[in-house]
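This report refers to the structure that appears directly beneath it.
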Amino acid sequence: MGSDQGGLPDLQLPCLGAGPDVSLTHLAGRPTLINLWASWCGPCREEMPLLQDAFEEDGDQIRFLGIVTRDEPSVAIDFASTIGADYPHAVDTDGALLDALGVPGLPVTLAVDASGRIVAKQIGQMDASELASLMDALMETPPTEGPTR
Numbered sequence: 022m023g024s025d026q027g028g029l030p031d032l033q034l035p036c037l038g039a040g041p042d043v044s045l046t047h048l049a050g051r052p053t054l055i056n057l058w059a060s061w062c063g064p065c066r067e068e069m070p071l072l073q074d075a076f077e078e079d080g081d082q083i084r085f086l087g088i089v090t091r092d093e094p095s096v097a098i099d100f101a102s103t104i105g106a107d108y109p110h111a112v113d114t115d116g117a118l119l120d121a122l123g124v125p126g127l128p129v130t131l132a133v134d135a136s137g138r139i140v141a142k143q144i145g146q147m148d149a150s151e152l153a154s155l156m157d158a159l160m161e162t163p164p165t166e167g168p169t170r
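Below, the structure is given as structure tokens:
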């Protein structure tokens, strides 16, 4: 689809918990896996352990970012800590990113290459093989030069 060739909208989202705001247009420089989720979303809850496992395995090569969407931040923090999801999360209370993507519901996972382009999109709950496909799409994109952390 056409939107897969584009970049992310120019949104500034607050960090879930303590930390700086996240500017979606400033994620370039490193491949990024973005997962839009909410604590009230059953499929989101089921796929989060998969994402955490992938983060533990490949977080040195791929940036992970969870985006809490249309949810209460305090509830989302409790859920993420219960699951043990310790990759960074931002908050999109109004669902602006979900609306910009034109997707009706959660979860949604985006593979964003180092130049900031959305190269793959998974709508709905992922299984391990679908997550592996997104990770492969990111690993295949050439890295850009710059600091690693």
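Here the sequence shown is numbered in the working numbering, starting from 22 and rising by one per residue. Glycine included, each C-beta is placed from N, C-alpha and C at the ideal position.
Assign D113 to buried or exposed, taking buried as 16 or more other Cβ atoms, counted over all protein chains shown, within 10 Å of its Cβ.
buried
Can you give the beta carbon distance from I98 to G27, rounded, assuming they're within the 8 Å contact cut?
In fact, because the Cβ distance is near 31 Å, the residues do not count as touching under 8 Å.
P52 and R91: beta carbons closer than 8 Å?
For P52 and R91, no; Cβs fall outside 8 Å.
When you compare only the Cα positions, how much space is there between G50 and Q33?
18 Å
Where do the N-terminal and C-terminal ends of the alpha helix (DSSP H) with L159 fall, by residue?
In this chain, the alpha helix (DSSP H) harbouring L159 covers 149-161.
Provide the residue(s) that pair with C65 in DSSP beta bridges, ordered along the chain.
C65 pairs with nothing; no bridge assigned.
Let me make sure I understand the geometry here. Which of C65, H47, L119, V133 has the alpha-carbon closest to that of I55?
V133
If we ignore side chains and look at the alpha-carbon of each, how far apart do D42 and P35 end up?
4 Å
If we call anything under 8 Å between Cβ atoms a contact, is W58 one with G87?
yes
What did DSSP end up calling P41 once you bin it into helix, strand or coil?
coil
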